[in-house]
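Take a look at the structure below.
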Amino acid sequence: MTVPHPTAPQDGKLPEDRRHMLRRRWLTAITIVLLVGIPAGYLVISAGQSRDSGRDKERESSAVGLQDNWPSQMKRRVFEIPIPKGAWNVSYHETSNWKTSRLYVQFTTTANGLDTYLDDSGTSRSALTPGASVGDHDAGVVGWAFTPTRTWTGTTVTREQPRPTSDITVDLTDPAFPRVYVVSATSP
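Residue numbers (this note's numbering): 14 to 201.
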């Protein structure tokens with residue numbers, strides 16, 4: 014009499030033992046957690062950063078009057094206000110509506126800094142004429158008062174649309190340290 018031998022499976026694979034089955038299930042669970050968990054974690058972190066950024070922008074846009082700080086490099090590029098290096102007492106304010114966006118900037122610089130600023134803005138000291146070029150409405154938005162006791166000169170730099178137009182007023186009461194007031198307006 015012969016003893017029957019177990020037959021090999023038809024596909025050539027041996028049945029999976031318990032240890033291999035548990036290991037395969039753990040690897041599957043870890044893979045699923047990584048494929049779902051990492052993107053979900055990224056979304057949570059990204060949403061938090063976006064919310065914080067929105068709060069910062071809301072706080073900045075709700076500010077009334079001038080903020081004692083430099084406007085961001087991006088704002089200076091968009092509104093074409095090249096504040097010269099070494100300028101001090103820099104303040105700015107931005108307004109925006111469906112029709113026009115404006116950036117109000119004031120700073121103090123040196124005589125050379127003023128020439129550099131005017132040149133980078135597309136104008137020169139010879140284009141400055143007596144009186145303030147910033148209008149009363151714009152001056153009132155940020156509380157500027159161009160009193161007759163000071164030496165005011167100004168010019169308007171008009172650029173082809175959609176580039177901004179800049180009204181520049183300079184206080185030359187102390188010619189060595191002029192104070193510059195700029196309103197740059199652009200329409201989307």
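By construction, the Cβ of each residue, glycine as well, lies at the ideal position given by its N, Cα and C atoms. For clarity, every value in this text was computed on a predicted model and none was experimentally measured.
Residues of its chain near residue i, where Cβ-Cβ distance is below 6 Å and the 5 sequence neighbours each way are ignored
i: Arg-192; result: Thr-121 and Asp-184
i: Thr-186; result: Arg-163 and Thr-164
i: Asp-133; result: Pro-95
i: Glu-107; result: Leu-116
i: Ser-85; result: none
i: Phe-159; result: Ala-145 and Trp-165
8 Å CB neighbourhood of residue i in its chain, flanking five on each side removed
i: Arg-1; result: The displayed coordinates of the chain run from 14 to 201. Any statement about residue 1 would go beyond what the structure contains.
i: Arg-37; result: Glu-29
Continuous alpha helix (DSSP H) stretch holding residue i: start and end
i: Thr-129; result: 124-134
i: Arg-89; result: 86-91
i: Gly-153; result: 149-155
Closest Cα partner of residue i within the set the options
i: Thr-168; options: Asp-187, Pro-188, Thr-44 and Ser-197; result: Ser-197
i: Ser-114; options: Trp-157, Ile-58, Arg-89 and Thr-182; result: Arg-89
i: Val-118; options: Thr-129, Ser-104 and Gly-126; result: Ser-104
i: Leu-116; options: Leu-127, Tyr-55 and Val-155; result: Val-155
i: Val-170; options: Phe-159, Trp-157 and Val-195; result: Val-195
i: Gly-78; options: Asp-30, Asp-151 and Ala-189; result: Asp-151
i: Pro-188; options: Asn-125, Val-147, Glu-173 and Ser-139; result: Asn-125
i: Leu-141; options: Leu-127, Gln-62 and Ser-59; result: Leu-127
i: Thr-178; options: Thr-166, Phe-190, Ser-146 and Ala-158; result: Ser-146
i: Ile-181; options: Arg-138, Ser-59 and Pro-201; result: Arg-138
i: Pro-201; options: Ser-109, Thr-129 and Arg-32; result: Ser-109
i: Gly-144; options: Lys-98, Tyr-55 and Pro-161; result: Pro-161
Bridge-paired residues (DSSP) for residue i
i: Gly-167; result: Thr-142 and Thr-182
i: Glu-107; result: Leu-116
i: Gln-80; result: Tyr-105
Endpoints, beta strand (DSSP E) assigned at residue i
i: Gln-119; result: 114-121
i: Ser-197; result: 192-199
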